[in-house]
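Chemist: Dropping a structure here in structure tokens format, bear with me for questions.
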Amino acid sequence: MMLTDEIKDVTEKINELNRLENNKQNEEDQLRTDNSFRDNTEMLYKDYLILKEAKNRLGFELSEDTANIFDKSIQCLDQCITGGKAQEDAVQNTNKIIADLEKRLRKEWTSFYRNKTVNPSRQLDVGKSLLSLEEYSEHRKNIDGGQNWSDLPLTDNQGKTKLQKCADSIAYAGSLLNMLKITDGVRQFLIRVSKGEATVSDLDDEVITWIRSEHREDMFGITFK
């Protein structure tokens with residue numbers, strides 16, 4: 305009888321240890337699920353803020369498919385909580401949707417950024433010799449700093465985001481040639497150069513005189529289309 309009691313006691317202790325171990329594992333699993341849910345929430349909110357600023361400053365718009373996936377991601381997040389806890393299956397499903405969303409956001413931003421900056425970048429390069437090195441370098445750095453989607457909300461010590469500085473320098477570069485103290489003929493020539501549209505026929509007396517008087521012969525080159 306004593307041996308039976310001892311066996312029963314040991315069995316109960318083993319069961320208690322298993323229960324505690326299972327509880328511990330469940331707590332760890334829940335913690336990972338909660339952390340994943342929190343990360344997804346923070347990421348979507350960050351994306352929302354970037355989208356809002358990018359639209360206001362540069363007119364960036366998502367494609368219809370990506371906009372729908374963004375809405376779906378928010379809906380899935382809302383469905384992750386049951387009984388005050390994040391549900392593992394729902395969170396894992398949301399992880400996949402948000403991973404797809406992030407790829408789409410990066411791809412669409414990269415395409416938009418390239419199209420948005422091509423002419424301002426050319427205009428900035430055309431006006432490079434007319435600016436101080438410090439001024440040129442600052443605007444070039446600002447424009448280049450807008451390439452990566454995830455970096456756009458990063459701020460400097462003045463509280464300006466990379467997106468804001470990129471947009472400001474795009475606007476500056478776009479108006480640079482109009483601010484220079486040059487004749488309209490030379491200005492139009494430089495604008496055509498910045499767009500890659502200039503031809504030999506654009507080299508009239510006014511333009512050639514300006515190039516020579518400003519000693520900018522090395523600023524331009526001639527090539528075949």
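For the sequence shown, the numbering used here gives the first residue as 305, with consecutive numbering after it. The beta carbon of each residue, even a glycine, is placed where N, CA and C say it ideally should be. All values derive from a computational prediction rather than experimental measurement.
In whole angstroms, what separates the C-alpha of residue 297 from that of residue 494?
Modeler: Residue 297 cannot be examined here, being either before or after the span of the chain that is shown, 305 to 529.
Chemist: Measure from the alpha carbon of residue 485 to the alpha carbon of each residue in 369, 391, 415, 431, then state which is nearest.
Modeler: 431
Chemist: So who's on the other strand from residue 447, going by DSSP bridges?
Modeler: Partner(s): none; residue 447 has no beta bridge.
Chemist: Can you look up residue 526 in the DSSP assignment and give me helix, strand or coil?
Modeler: coil
Chemist: Would you call the CB atoms of residue 378 and residue 409 closer than 8 angstroms?
Modeler: no
Chemist: Would residue 443 be called buried (16 or more neighbouring beta carbons within 10 Å of its own) or exposed?
Modeler: buried
Chemist: Excluding the 5 residues preceding and the 5 following residue 514 in the sequence, name in chain order all residues of the same chain whose CB lies nearer than 6 angstroms to its CB.
Modeler: 490
Chemist: Taking residue 363 as the reference, give the member of 369, 355, 520 with the closest Cα.
Modeler: 355
Chemist: Please check the pair residue 447 and residue 415, which I expect to be a contact at CB under 8 angstroms, by giving their CB distance rounded to whole angstroms.
Modeler: 16 angstroms between Cβ atoms; not a contact.
Chemist: Alpha carbon to alpha carbon, how far is residue 499 from residue 373? Give it in angstroms, no decimals.
Modeler: 36 angstroms
Chemist: Quick check: the region 380-398 against the region 334-342, are at least 3 beta-carbon pairs closer than 8 angstroms?
Modeler: Cβ pair count under 8 angstroms is three or more, so yes.
Chemist: Taking residue 486 as part of the alpha helix (DSSP H), name the residues at either end of that continuous run.
Modeler: It is not in any alpha helix (DSSP H) - residue 486 carries neither H nor E in the DSSP assignment.
Chemist: Under 8 angstroms between the Cβ atoms of residue 368 and residue 359?
Modeler: no
Chemist: Going by the CB atoms, is the gap between residue 521 and residue 487 shorter than 8 angstroms?
Modeler: no
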